[in-house]
Every structure is written in structure tokens, then in C-alpha cells.
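If you're matching them up, the sequences are chains C and X in order. Sequential numbering from 35 applies to the first sequence in the working numbering. Sequential numbering from 21 applies to the second sequence in the working numbering. Note that CB positions come from ideal geometry on N, CA and C, so glycine has one too. Data block below; observations after.
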Amino acid sequence: MGKRDRLSGNEAIALAMKGMNLDVVAAFPITPSTEIPQYFSQYVANGETDTLFIPVESEHSAMSACIGAQAAGARASTATSSCGLALMYEMLHVGASLRLPMTMACVTRALTGPINIHNDHGDAMGARDTGWIQLYAENAQEAYDNYIMAVKIAEDKQVLTPVMACQDGFITSHAVENIELLSDEEIGKFVGLYEPAEYLLNEEEKVAMGPYDAPAYLMEHKRQQAEGMMQALPVIEKVAAEFAALSGRHYGLIEEYQTEDAERILVVLGSTAGTAKQVIKNLRAKGEKVGLVKIRSYRPFPAAAVAKAIKKAKAVAVMDKAEGMSGIGGPLFGDICVAMNGLGGPRLIDYMYGLGGRDVRPEHIEAVYRDLAAAMAGKADEEQLIKKAGPYYRYLALREE
Amino acid sequence: MAYQLKEEMSKPERFSSGHRMCAGCGAPLAVRAVLRALEPEDKAAIVSATGCLQASTFPYPYTAWEDSFLHSAFENAGASIGGVETAYRALKKRGKVKGNYKCIAFGGDGGTYDIGFQSLSGALERGHDFVYVCYDNEAYMNTGIQRSSSTSRFADTSTSPAGKVVPGKLQNKKNLTDVVIAHNIPYVAQTTFMGNFRDLHQKARKAVYTPGPAFMNILAPCPRGWRYETQDLMKICKLAADTCFWPMFEVEEGKWRLTYEPKKKLAIEEYLKPQGRFKHMFKPENQWMIEAFQTEVDRKWQDILTRCQ
Ligand SMILES: Cc1ncc(C[n+]2csc(CCOP(=O)(O)OP(=O)(O)O)c2C)c(N)n1
């Protein structure tokens, strides 16, 4: 069974990488994910893994090399953040449309500019429509677990879609936490060996990948690709159940915390869930009916599960850590609106928060719950709020002077 | 074993006809000639950058490639073949692949001199065992004949048009082969289509069977972009070599060797004349352009002669 250790999220990911029967890892340094290839190349240098490491000259080449390797029949993975993920953008689409079940440890960080190395979700949100599955982790343990599960989800024959396991830069990638680790053998057995149906180095049958697709074909190919994404929802749950049997740790598409009778609910991605849970404990102790929905699978978006979880609430705050620059709120808010389309349900309020590493403290979360209470009572000072951020969304902990 | 074109031609074809490249285009000749250098029992894993070659040889659901083939993007053939080659080593080590594979990447000059340059340089430096073949047609043909850093000076292209005040492309052709040589890889060659293809064939064999990275720069004219009669392809290539515009040489483990020396070095006009893209250079007031072009050719030729001594 698991071995306890005190590790950062990055080191945990690198340890998982060692157990995942990977053939190829290609990566390029960028804060805050840099430690992952550093740890990993140390394992390679010490002969602790026989995975081949390609120290590429850019993230664009990291993703390109992973695509080449996975297309050739290897199991490949990479790690990146921020500008690195942005540089991969075109290749993320190419890899996903080739239905190559690669994995990536994405350590989220603000996207330049201005340049900033701290956490928000601007990078990962830029990749949300690339055809990659995206899982978000609350803490290092979940980051580690998600990354291991990613292999099985991606390679499922119904899915064949690459997976990005996201964790929050510095907050979970660098903070040292208690983690329960699986042995390399346990991980290896859990993920099994990669057995692709079609690959370049298949000696029995050759294959050509990446055609020019005329209008007569592209739409059907995209529809097939979307099917893989849709099929991922039940597969993510199935793999989580298998993982629970191995590790004793349970994960769903979303995690509901104290939502059963909650009137006010917060919807979040990533590490803020931990802070929010603490606030909820305190407010519950005072008799306040507050709860939390943590989205673990952001792509595919578990709309039905989310709608079910928040429908009975009176007011819901959607927490966006990426300024989508749409003028109408962040990307998570848009998804929640789609999920609730036609269902009536609670008043939805979008908050932009935590950009570029802006601290998210318990008092900020408490303030959001207070806003929700005011909205419920019809006492929200709408005019004041509209003046601050326009009619659609508001900023949390923004300096106004 | 002496080279016999007939014998080589009797090998099973690895690049089938019926592709959609234009008549008189050099790229398919480059592909065929390189693949012919493979021993029939050796398998190949091929990558092509986006460009005319990829778009015209692999329109879904058809492919002209008999070997396993991957097209990923325009700017990443080097990294892609590096990934394939690393996968090959990993799978071979684990006994998942038994046979011999040769990893070969093709790219146009746009995909090689320009947008894919970093990716190529990285792959060369890391020392993957692969061959990169640039079919150099001196412009971005697939998107309609835009200039590249490989385009010759004064050439009239759709983004370096010869106008009333600008005489076509202003800059000299980038010397990519030199830049590749500076990576100190085991084998680099420059060639084109001549006679019975012996030069190309021998270089391709060395490139394919030399362990480590190898690079071939093959001048591969384009009838639409260069505006010559399709049947003149071979003639243009010979003129490129005979005017010393395109020196035929190789660099093996740092040793330079000239593989073709014209009996008589022809004036550059002979090469420029049959090509519509240089037509404006032959106006009487533009004589200076021809002189400038000749000066650049002579400078580069002298340089090669010195290095090949
Ligand atoms: C990132 C990116 N930029 C631009 C293009 C558009 N594009 C496709 S092929 C091509 C030109 C290819 O030129 P070259 O490599 O010289 O090959 P050729 O078509 O001449 O054979 C361009 C500009 C693209 N596919 N990807």
C-alpha cells in the first residue's frame, strides 16, 4: 500500500512519471513546472528509469516530439506552464486531432503580459478548446493522482484523447505537503503497457497520419473527435473507481462539499477549493448554509453533474482565475451558464479573482458568501457593482485606487 | 557496388505515382531518389512538413507514401522526426520493434530555412539518428509563391514582386547548408537532379546509412514559381550546377569534398534566362542585377573551392 512522504506537487509528478511506463518524455524548462524535467532527468541520469528523455529546445518542439513519439507507437508525456503551453497551442490541436493519447502535467501560471510567474488559469484556459481533456487538482495529492489516471483515461479506446493534468503553480507545485505515494510497480500495473492499434512503427501494418482533409471530410473527423471527448466523462469516472480500489482515494467529475442543503454555493477550479472548504467549516459552525462545487474535469465539462449540484441553491458564485477578455466574464462562468441554460435555478454571479498570483485568503471567500447573501435578500448594491466591473461580472480583491 | 540507375529503378517503388504534384516539379523526384537509397528490407518512418509535398501526396483518404508517414505541422519536422526516432530507440530497446527503421524527414525551404529552422537545429544538435531532406524550391509554393530566406536575390515572387522601385527580392539567398554544417553533424550534402542521379543517390545512401543526423539540401525547381517549361526541369538543374550557382558537395565528419566540377563554369545568365522569375533582370537598365548575382555566385563558389581543397 501507499507510502507517505512530504513532497511538492512537482516532485510528486516527477515520481509518477517514473512509474508510468513512459517510453519518451520531452520537456523544456519554464517556471513553475521546471522542476519536473529536472527531477526526471536526474532519475534518467541515475538509471532509475529507462524512459528516454528529450531535452528539446522549446515547448513547441516538446509537444511536436511527443506527437512524433506517440504517433510512432510510444507512450509520451511532457510538462509545462504558461508561455510554454501557449507556444504549444497549434500542436495541442494537432495531437488531439490525431487522437494521440499523450499526457501533460500542466502547472498553471499567468500568461504574459505583463510577464508574471505566479498562478492563475490564463494559460490552461487558453488551451481549453484544443481538444485536450483537462483535469484540475486541489492539492499535490490530487495532482499526482490525476496525472496517473490521465494515462488510462487518454488511452481508453472510446476516448483516445490527450489529457492535461493541471495543478496550481507554486500553490501546489512548490508547497510541500503530506502525500501518499504508490510504488513504481503499483503505478505501472495500474496504467499497464501502451498497446496502440495504429502506429508508425507497426511492423505488421503501415499507417499514414495527418492528411490534408478536404471539406468533404473534416467535419466528420471533428465530430468523431468530439465523440472521444464526450465518451471521456464516463471513462473518467470508471478510471477513478479503479484508482480508488488501488489507492483508497475517491474522485468524481466534480466534488460537492456541503451542497446538500446549501443556499449559497461557490464553484471553483483548483487549489482555491481547499481555502473555501475551511471557510465553509467556519460559516457552517455559525449555521450558514454554504457549500462548494469543485470542478475536477473541466474538459469535458460535466454540465449535468454541475447543474444537479447547484440547481437548488439560491445564489451561486462562479470563481474565474482567467480574465477571458470577452467583456462578459470568465470562461468557467460561460460554461456554468450553458450548463444551467433553460433550467432556471439560482442567481449566478461571476468573480474574477487571483490573477497573477493575487492572494486568495479566507476573508475574500467570506466576502463572496456575504455578497451571495445580499443577492439572495435582494439587497445587493447592483449599481455600485456595475460601476466597478460592468453588469456581468465583478472582481475580487482588486485595488481600486 | 557500382551504381546502375536501371537496377535502382527496378527496386519496389516506395513513393507511388498518381500523387497531385505538378508536372515538372522537383520535389517528387527528390523523394523518390532518396527513398531509392533504402535497402528494400529496411523500413522507413517518414515525416513531412506542411507544404506542396505533403498536401499533394496525402489528400485524405489517399496517400502516395508506401512507408509509414506522419504529417504534423509546417514548422516542426525536425522535432517530429526526433520524437519518432526516440520512440524507435525506446521500442527497440523494449523488444517491441524488431526490424530496422530509418527515420527521414522532408521539408520545403519554407519549412526548413525559415519557420522550421529552430526545430531542425534542435534536432541536429541533439544528435538523433535521422536524415533531413530539404527540397529547396526557393519559395513558399504551396501558399502561392511567397519569398523565403532561400529565395535568390532579385527573384520576382508574390511577396517580393519586381515593381517600379523595388527590383524583386532584396536579400541574398541564405546559405542554410553552411549553417547546418556548423552543427558539426556526421554528414551534410548539397545536390540536385543531374544525369542518371548518381550524385543524389550516393549522397542519399550515405545520409541514410550514416549513424546520427544527416542533412541533404536538394535544389528542386518549381515550374510555376520559377516559370520555366515543365520539360526543362533537368536542364535548369544542370545549369544550376554548371554555373556554380548550386555547388554539388558533401561534408563527411567535417571533411569537405566537391562532387561535381563543371568542365566549363558557365555565366549565370544561362541559369537565369529560362526562368520567368528573373525576366526583369534582362532589361538593359538592370544589367547591374546580373552582375551583382554573378558576384555572389563567384564569392560562394570560391569559398567552397577553398574549403574542398
Ligand atoms: C504555422 C503555419 N504558418 C503558415 C502556414 C501556411 N503554409 C502552409 S505551407 C506554406 C509554405 C510552404 O513552403 P515550403 O516549405 O517552401 O514548401 P513548398 O510549398 O514550397 O513545397 C505556408 C506558408 C502553415 N501551414 N502553418
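Heavy atom of ligand 1 within 7 Å of residue i beta-carbon
i: residue 160/X; result: yes
i: residue 47/X; result: yes
i: residue 157/X; result: yes
i: residue 16/X; result: Outside the displayed range of chain X (21 to 329) lies residue 16/X, so it cannot be described from this structure.
i: residue 135/X; result: yes
i: residue 69/X; result: yes
i: residue 124/C; result: yes
i: residue 129/X; result: yes
i: residue 163/X; result: yes
i: residue 90/X; result: no
i: residue 360/C; result: no
i: residue 73/X; result: yes
i: residue 93/C; result: no
i: residue 178/X; result: no
i: residue 94/X; result: yes
i: residue 111/C; result: no
i: residue 172/X; result: no
i: residue 169/X; result: no
Cβ-based burial, residue i [other Cβ within 10 Å; buried from 16]
i: residue 102/X; result: buried
i: residue 141/C; result: buried
i: residue 316/C; result: exposed
i: residue 59/X; result: exposed
i: residue 212/C; result: exposed
i: residue 85/X; result: buried
i: residue 369/C; result: buried
i: residue 216/X; result: exposed
i: residue 33/X; result: exposed
i: residue 372/C; result: exposed
i: residue 284/C; result: exposed
i: residue 23/X; result: exposed
i: residue 264/C; result: exposed
i: residue 413/C; result: exposed
i: residue 217/C; result: exposed
Bounding residues of the alpha helix (DSSP H) (the contiguous stretch that carries residue i)
i: residue 289/X; result: 289 to 292
i: residue 212/C; result: That residue, residue 212/C, is in no alpha helix (DSSP H); its beta strand (DSSP E) goes 210 to 215.
i: residue 339/C; result: 337 to 344
i: residue 77/X; result: 72 to 77
i: residue 405/C; result: 396 to 410
i: residue 29/X; result: 25 to 29
i: residue 181/C; result: 174 to 189
i: residue 220/X; result: 218 to 229
i: residue 50/C; result: 43 to 53
Beta strand (DSSP E) segment containing residue i, residue limits
i: residue 198/C; result: 197 to 202
i: residue 66/X; result: 63 to 68
i: residue 55/X; result: First-last for residue 55/X: 47 to 56, but that is the alpha helix (DSSP H), not the beta strand (DSSP E).
i: residue 238/X; result: 234 to 239
i: residue 168/C; result: 167 to 170
i: residue 155/X; result: 151 to 156
i: residue 210/X; result: 207 to 212
i: residue 163/C; result: From DSSP, residue 163/C is part of no beta strand (DSSP E); its letter is neither H nor E.
i: residue 350/C; result: 349 to 354
**Asked** Relative to chain C, which residues along the segment 25 to 55 of chain X have a C-beta separation below 8 Å, given in chain order?
**Response** none
**Request:** Entirely within the segment 275 to 324 of chain C and at least 4 residues each: give me those alpha helix (DSSP H) ranges in chain order.
**Result:** 306 to 319
**Request:** Select from the segment 140 to 163 of chain X all residues with a C-beta closer than 9 Å to any C-beta belonging to chain C, and list them in chain order.
**Result:** 141, 142, 143, 145, 146 and 148
**Request:** For the segment 331 to 345 of chain C, enumerate the residues whose C-beta is nearer than 7 Å to any C-beta of chain X, in chain order.
**Result:** none
**Prompt:** Residues in the segment 207 to 241 of chain C with C-beta within 7 Å of chain X's C-beta atoms, listed in sequence order?
**Reply:** 234, 235, 237, 240 and 241
**Prompt:** In chain order, which continuous runs of the beta strand (DSSP E) of length 3 or greater are located wholly inside the segment 87 to 141 of chain X?
**Reply:** 88 to 91 and 121 to 128
**Message:** For a minimum of 3 consecutive residues, which ranges assigned as the beta strand (DSSP E) are wholly contained in the segment 242 to 319 of chain X?
**Reply:** 269 to 272 and 275 to 278
**Message:** For a minimum of 3 consecutive residues, which ranges assigned as the beta strand (DSSP E) are wholly contained in the segment 75 to 142 of chain C?
**Reply:** 86 to 88, 110 to 114 and 137 to 142
**Prompt:** Using a Cβ cut-off of 8 Å, which residues of the segment 133 to 162 of chain C contact any Cβ in chain X, in chain order?
**Reply:** none
**Request:** Name, going along the chain, the residues of the segment 79 to 91 of chain X whose beta-carbon falls closer than 7 Å to a beta-carbon of chain C.
**Result:** 79, 80, 83, 85, 87, 88, 89, 90 and 91
**Item:** the segment 57 to 85 of chain C: positions lying closer than 8 Å to chain X by Cβ
**Value:** 57, 58, 60, 84 and 85
**Prompt:** Residues in the segment 111 to 125 of chain X with C-beta within 8 Å of chain C's C-beta atoms, listed in sequence order?
**Reply:** 111, 113, 114, 116, 117, 118, 119 and 121
**Request:** Please specify which runs of the beta strand (DSSP E), each continuous and at least 3 residues long, are wholly inside the segment 238 to 267 of chain C, giving them in chain order.
**Result:** none
**Item:** Near-chain X residues of the segment 89 to 100 of chain C - C-beta to any C-beta below 9 Å
**Value:** 89, 90, 91, 92, 94, 95, 96, 97, 98, 99 and 100
**Message:** Please list, in chain order, the residues of the segment 239 to 258 of chain C that have any C-beta partner in chain X closer than 7 Å.
**Reply:** 240, 241, 242, 243, 244, 245, 246, 247, 248 and 251
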